[in-house]
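Numbering (this note's numbering), first residue to last: 533 to 850.
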């Protein structure tokens with residue numbers, strides 16, 4: 533889908549050229565690696581005002597190095613609290629948890645919870661299943677250490693955006709297969725879940741922030757050396773059975789590359805009568821809420837997300 537400036541929501545149009553620049557920079561693997569290194573150098577370990585923050589390193593089976601995780605808790609709130617595994621976005625190839633501190637603060641303010649965010653391995657350094665293994669094993673670690681975290685151990689929330697939304701869908705898909713952990717609900721925001729890249733919204737996309745070229749590079753790096761056919765744990769759109777998935781919250785922009793795969797994911801969940809809170813925001817491009825949070829449409833998306841989150845905690849959490 534070709535996107536012109538006049539297709540964009542009026543209050544996002546001022547971000548059109550900045551968004552196209554972001555997309556252009558991430559057309560190149562070297563820039564993804566550079567951005568990751570800069571984030572690690574200047575942001576890793578940075579705490580968030582108003583939250584109790586902690587950093588730990590945990591062992592991941594099959595990995596030579598321990599995994600860095602960030603833990604975020606509310607101040608002056610006693611447990612046990614709901615625990616959320618949050619998986620950040622970045623096309624599977626870049627970014628670190630600290631870059632999403634505003635989201636952690638918003639969730640905790642909406643309803644107190646404990647957030648664990650792994651700095652999972654990125655595809656510029658290690659392809660699938662490295663990131664998936666890191667995220668899945670972090671969830672297992674959360675269950676094993678729930679008491680020490682001050683968290684409820686009976687069930688968990690899994691959330692993430694973009695590639696983190698894809699990892700959310702992947703982790704939840706596996707945990708419903710293994711029954712290792714019970715999931716209260718999931719929040720895969722505008723998820724990157726279809727490596728085939730053949731939907732009308734993705735084909736030839738030139739939308740701001742994330743376009744068809746970004747998407748091709750992201751999947752090439754993530755699936756480098758992976759077996760064929762692609763595992764559903766890498767690309768959840770390939771899964772045959774959605775019947776055991778938990779209640780879901782998500783939203784997507786109408787002009788972004790992931791629009792069609794997100795809508796298809798929602799429709800398949802609803803076919804199995806799985807509760808879904810879903811909104812499509814007209815004229816919004818990828819990650820508009822992250823890059824332009826002060827716009828009216830981003831505020832509407834955030835309000836929908838947090839209100840749905842509060843309702844789902846009340847409805848589905850023990």
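From the three backbone atoms N, C-alpha and C, an ideal C-beta is built for every residue, glycine too.
All values derive from a computational prediction rather than experimental measurement.
Does the beta-carbon of residue 746 have 16 or more other beta-carbons within 10 angstroms, so that it is buried, or is it exposed?
By the neighbour-count rule (16 or more Cβ atoms within 10 Å), residue 746 is buried.
Excluding the 5 residues flanking residue 644 on each side, which residues of the same chain have their C-beta closer than 6 Å to its C-beta?
Answer for residue 644: 606, 609, 613, listed in chain order.
By alpha-carbon positions, which one of 805, 834, 681 ends up nearest to residue 812?
Checked all of 805, 834, 681; the closest Cα to residue 812 is 834.
In terms of alpha-carbon separation, which member of 537, 801, 713, 753 lies closest to residue 562?
Closest option to residue 562, Cα to Cα, is 753.
Look at the Cβ atom of residue 784, then the Cβ atom of residue 689, and state whether they are nearer than 9 Å.
Cβ atoms of residue 784 and residue 689: not closer than 9 Å.
Is it the case that the Cβ atoms of residue 722 and residue 788 are separated by a distance below 9 Å?
Yes, these two residues count as a Cβ contact at 9 Å.
Assign residue 788 to one of three DSSP states: helix, strand, or coil.
Looking at residue 788 - three-state DSSP - the assignment turns out to be coil, as it is neither helix nor strand.
Mark residue 533 as exposed unless 16 or more other C-beta atoms lie within 10 angstroms of its C-beta, in which case mark it buried.
When all chains shown are included, residue 533 counts as buried.
Cα separation between residue 566 and residue 537?
Taking the straight line from one Cα to the other gives about 29 Å.
In chain order, what residues of the same chain lie with their CB nearer than 6 Å to the CB of residue 616, ignoring the 5 residues before and after it?
Within the same chain, residue 616 has close Cβ partners 645, 647, 689, 691.
Are there 16 or more other CB atoms within 10 angstroms of the CB of residue 724, so buried, or fewer, so exposed?
Answer is buried; the Cβ neighbour count reaches 16.
With a 10 Å radius around its C-beta and 16 neighbouring C-beta atoms as the bar for buried, classify residue 744 as buried or exposed.
Answer is buried; the Cβ neighbour count reaches 16.
In the DSSP assignment, find the alpha helix (DSSP H) that holds residue 605 and state where it starts and stops.
Here residue 605 belongs to no alpha helix (DSSP H); instead the beta strand (DSSP E) covers 599 to 606.
In terms of residue numbering, what span does the alpha helix (DSSP H) encompassing residue 693 cover?
Careful: residue 693 lies outside any alpha helix (DSSP H), inside the beta strand (DSSP E) at 688 to 693.
In the DSSP assignment, find the unbroken beta strand (DSSP E) run with residue 616 in it and report its ends.
Segment 615 to 619, the beta strand (DSSP E) holding residue 616.
How many angstroms separate the CA atom of residue 760 from the CA atom of residue 770?
The alpha-carbon atoms of residue 760 and residue 770 are separated by roughly 12 Å.
Hey, does residue 684 have any beta-carbon neighbour from chain B nearer than 9 Å?
In the structure shown, chain B does not exist; there is a single protein chain.
Counting pairs of Cβ atoms below 8 Å between the stretch 651 to 667 and the stretch 584 to 603, do you hit three or more?
At 8 Å Cβ cutoff, the stretches touch.
Please work out which residues of its chain come closer than 7 Å, Cβ to Cβ, to residue 555, disregarding the five sequence neighbours upstream and downstream, and give them in chain order.
Closer than 7 Å at the Cβ level, and outside the excluded window around residue 555, lie 740, 741, 742, 743, 746.
Between 719, 539, 560, which lies nearest to residue 748 when the distance is taken from Cα to Cα?
Checking every option, the nearest Cα to that of residue 748 belongs to 560.
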